[in-house]
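Every number in this note's numbering is 27 more than the matching position in the sequence shown, counting from 1. Okay, structure first, notes after.
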Amino acid sequence: MRYSAARLLWEGLKGHKGWGRAWRDPEPKPSYDVVIIGGGGHGLATAHYLSKVYGVRDVAVLEKGWIGGGNVGRNTTIIRSNYLLDGNEPFYEFSMKLWENLEQDLNYNAMVSQRGIMNLIHTDAQRDAFRRRGNAMRLYGAGSELLDADQVRKEVPFLNFDNARFPIKGALVQRRGGTVRHDAVAWGYARSADQHGVDIIQNCEVTGFRIENGKVLGIETTRGYIGAGKVGVAVAGNSSRVMAKAGMRLPIESHVLQAFVSEGLKPVIPGVITFGAGHFYVSQSDKGGLVFGGDIDGYNTYAQRGNMPVVEDVAEGGVALMPIIGRARLLRMWGGIMDMSMDGSPFIDKTHIDGLYFNGGWCYGGFKATPASGYAFAHLLATDTPHDTATAYRLDRFRSGAMIDEKGMGAQPNLH
Ligand SMILES: Cc1cc2nc3c(=O)[nH]c(=O)nc-3n(C[C@H](O)[C@H](O)[C@H](O)COP(=O)(O)OP(=O)(O)OC[C@H]3O[C@@H](n4cnc5c(N)ncnc54)[C@H](O)[C@@H]3O)c2cc1C
């Protein structure tokens, strides 16, 4: 069924009784050409591009829980392509271009809203660094603007400009950044992949790999053995656990990241704002809630709930930046497991095991990468060569020294 305004009107007149399922609920087949483990944004996007762009249709996505139950449905929905390094910027700009056409591509309303992202500047040194980043963005056609304090004040007058410790001196702005309705991304990709023949199998946990003579033959699951020509792993926060079942150890640590939403308020925040002197970022949802977050909890865990010290830290950042937030009541908070890599950049690569491919290490920023990650992983699975925008995301980069340390922080997951 194609979704359209005419269809909405027609179904409305019939009491909304004619809508079909958005995707099937098939039983797993004995084998597939390609099996993707993980029904998050990246796994589903991979299935969509693999089937639609590369014509590989004998594909299954195996999800241990339900579609959208992982980080794709837990994030703060921010998209942007404001990176500095050559290994990253073309990839994230490719992702931004895919976001810009996503709803037409999927025939699904993902509420892509390019309301802009503003990274605040608090010191002269930070202005220099952001000017450099802005120039790198312009070189790749991502667009950027450097605002002074008066220009920022005009757009967001409610910020605490004259805070004695963190005065606001300007901002780097990407007008094409913004937010996207996160779970709609999962549902839109799932629906489209299903329409192109992909089997989406929920409640199916992968428990092991069958590997013989250095080649993967299939996987063991809670719903039985499934043979596979190729296996792509895209399980985000569970990357180390799943790849350990294939005998691999990754340069990844898992940490919990929390997010918060306030009660619904009248429109106050025009786009996304990030604090430059602490870890705090905020936007406003279409329902009016202020959606915000901060740092990871800072200890290794696979639990999807965080602790109070980070709640306090995020609240401090929020109040320092925009004191009015102190009047808003918190409605909900939750956590998701982040696969933090040691240089803050991801992996989209083949492994040393024939037929086994890995996609992960997305840290805080994997939601905005979803379209390009899916496209590049599909390209790798279909052609056995890396996509042009993802050649740097190799698993051996720590051995070769070709790290992509966007912030120059070294191997400190919480600082990326
Ligand atoms: C609170 C929070 C805020 C964030 N904010 C942003 C943001 O604003 N912008 C941004 O760009 N990024 C953000 N992120 C990061 C982003 O959400 C993630 O990097 C990205 O969603 C990870 O990819 P995914 O969607 O494929 O992950 P997931 O949705 O987590 O998908 C992985 C799936 O694999 C499944 N799985 C795991 N193990 C198995 C197994 N053994 N068998 C079968 N299935 C398995 C899981 O159940 C899960 O559904 C945020 C994350 C969190 C938690």
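We put the beta carbon where it would ideally sit given N, CA and C, even for glycine.
- Pick from Val225, Gly392 and Ser289: whose alpha carbon is nearest that of aspartate 370? Taking the first residue of the sequence shown as 1, we reach residue 370 at position 343. Closest by alpha carbon: Gly392.
- Beta-carbon contacts of glycine 344 that lie in its chain and below 8 Å, excluding the five residues immediately before and after: Against the sequence shown, residue 344 aligns to sequence position 317. Excluding residues within five positions, the ones whose Cβ falls inside 8 Å are Phe302, Gly305, His306, Phe307 and Gly321.
- Item | Nearest to glutamine 153 (by Cα), restricted to the options Leu35, Ile64, Val139 and Leu173 | Here residue 153 corresponds to residue number 126 of the sequence shown, with the count starting at 1. Closest by alpha carbon: Leu173.
- Tell me, to the nearest whole angstrom, how far the beta carbon of alanine 261 is from that of threonine 73; I am working on the premise that it is less than 8 Å. By 1-based counting over the sequence shown, the position of residue 261 is 234. By 1-based counting over the sequence shown, the position of residue 73 is 46. Indeed, because the Cβ distance is near 6 Å, the residues count as touching under 8 Å.
- Among Asn265, Ala355, Asp324 and Gln285, which residue has its Cα nearest to the Cα of valine 295? Translated into the one-based positions of the sequence shown, residue 295 becomes position 268. Looking at the Cα atoms, Ala355 is the closest of the given residues.
- Message: I need the straight-line Cα distance from proline 350 to valine 283, nearest angstrom please.
- Response: As a first step, residue 350 is located in the sequence shown; it is residue number 323 there, counting from the start. As a first step, residue 283 is located in the sequence shown; it is residue number 256 there, counting from the start. In a straight line, the C-alpha of proline 350 is about 27 Å away from that of valine 283.
- Query: If you compare alpha carbons, which of Glu130, Arg84, Met335 and Glu38 is closest to aspartate 60?
  - Reply: By one-based count along the sequence shown, residue 60 stands at place 33. Looking at the Cα atoms, Arg84 is the closest of the given residues.
- Under the three-state DSSP convention, the category histidine 69 falls into: On the sequence shown, residue 69 is found 42 positions in, with the first residue counted as 1. Correct three-state label for histidine 69: helix.
- Span of the beta strand (DSSP E) holding serine 219? Locating residue 219 in the sequence shown gives position 192, where the first residue counts as 1. No beta strand (DSSP E) holds serine 219; the alpha helix (DSSP H) holding it covers 209-222.
- Message: Could you tell me the alpha carbon to alpha carbon distance between valine 80 and valine 62, rounded to whole angstroms?
- Response: Against the sequence shown, residue 80 aligns to sequence position 53. Against the sequence shown, residue 62 aligns to sequence position 35. Going from the Cα of valine 80 to the Cα of valine 62 covers about 17 Å.
- Task: List in chain order: all unbroken alpha helix (DSSP H) runs of 4+ residues lying wholly within the stretch 297-382.
- Result: 335-348
- Simplified DSSP assignment, three categories, for valine 183: Sequence index remark: in the sequence shown, residue 183 carries index 156 (1-based). DSSP places valine 183 in coil when its eight states are reduced to three.
- May I ask you to verify whether the stretch 94-112 touches the stretch 212-224, counting CB pairs closer than 8 Å and requiring at least 3? yes
- Message: Quick check: does the Cβ of isoleucine 105 come within less than 8 Å of any heavy atom belonging to ligand 1?
- Response: Position 78 of the sequence shown holds residue 105. At least one heavy atom of ligand 1 is nearer than 8 Å to the Cβ of isoleucine 105, so yes.
- Query: Out of curiosity, what's the CA-to-CA distance linking serine 281 and asparagine 265?
  - Reply: Locating residue 281 in the sequence shown gives position 254, counting from the first residue. Locating residue 265 in the sequence shown gives position 238, counting from the first residue. Spanning the two alpha carbons is a distance of roughly 8 Å.
- Task: Consider the C-beta atom of isoleucine 18 and the heavy atoms of ligand 1; say whether any pair is separated by less than 8 Å.
- Result: For the chain, the structure presents residues 28 to 443; residue 18 sits outside this window and is missing.
- Query: Got a sec? Which residues, its chain only, sit under 6 Å from serine 58 by beta carbon, not counting five neighbours each side?
  - Reply: Position 31 of the sequence shown, counted from the start, is the residue given in the question as residue 58. If we look at serine 58 and ignore the five residues flanking it on each side, its Cβ neighbours are Gly254.
- Start and end of the beta strand (DSSP E) containing glutamine 285? For this step, residue 285 is matched to residue 258 along the sequence shown. Here the beta strand (DSSP E) through glutamine 285 covers 279-291.
- May I have the straight-line CA-CA distance separating tryptophan 93 from methionine 365, to the nearest angstrom? As a working mapping, residue 93 is identified with position 66 in the sequence shown. As a working mapping, residue 365 is identified with position 338 in the sequence shown. Roughly 18 Å between the two C-alpha positions.
- Item | Whole-angstrom distance between glycine 291 and glutamine 311, CA atom to CA atom | Mapped onto the sequence shown, residue 311 falls at position 284. Mapped onto the sequence shown, residue 291 falls at position 264. The straight-line gap from Cα to Cα measures roughly 9 Å.
- Query: Rounded to the nearest angstrom, how far is the Cβ of tryptophan 126 from that of proline 440, given a contact under 8 Å?
  - Reply: Here residue 126 refers to the residue found at position 99 of the sequence shown. Here residue 440 refers to the residue found at position 413 of the sequence shown. Between proline 440 and tryptophan 126 the Cβ distance is about 26 Å, and since that is not below 8 Å, they are no contact.
- At a cut-off of 8 Å, is isoleucine 364 close to ligand 1 when judged by its beta-carbon and the heavy atoms of the ligand? Here the question's residue 364 lines up with position 337 in the sequence shown. Within the cutoff, so yes.
- Query: Can you tell me whether threonine 150 is buried or exposed, with buried defined as 16 or more other CB within 10 angstroms of its CB?
  - Reply: Start at 1 with the first residue of the sequence shown, and residue 150 comes out as number 123. By the neighbour-count rule (16 or more Cβ atoms within 10 Å), threonine 150 is not buried but exposed.
- Start-to-end residues for the alpha helix (DSSP H) that takes in tyrosine 402: By one-based count along the sequence shown, residue 402 stands at place 375. Unbroken alpha helix (DSSP H) run through tyrosine 402: 397-410.
- Select from Gly161, Gly388, Thr328 and Val269 the residue whose C-alpha is nearest the C-alpha of arginine 421. The residue you call residue 421 lines up with position 394 of the sequence shown. Closest option to arginine 421, Cα to Cα, is Gly388.
- Query: Is any heavy atom of ligand 1 found at a distance shorter than 8 Å from the C-beta of arginine 268?
  - Reply: Counting from one through the sequence shown, the residue named residue 268 turns up at place 241. For ligand 1, at least one heavy atom lies less than 8 Å from the Cβ of arginine 268.
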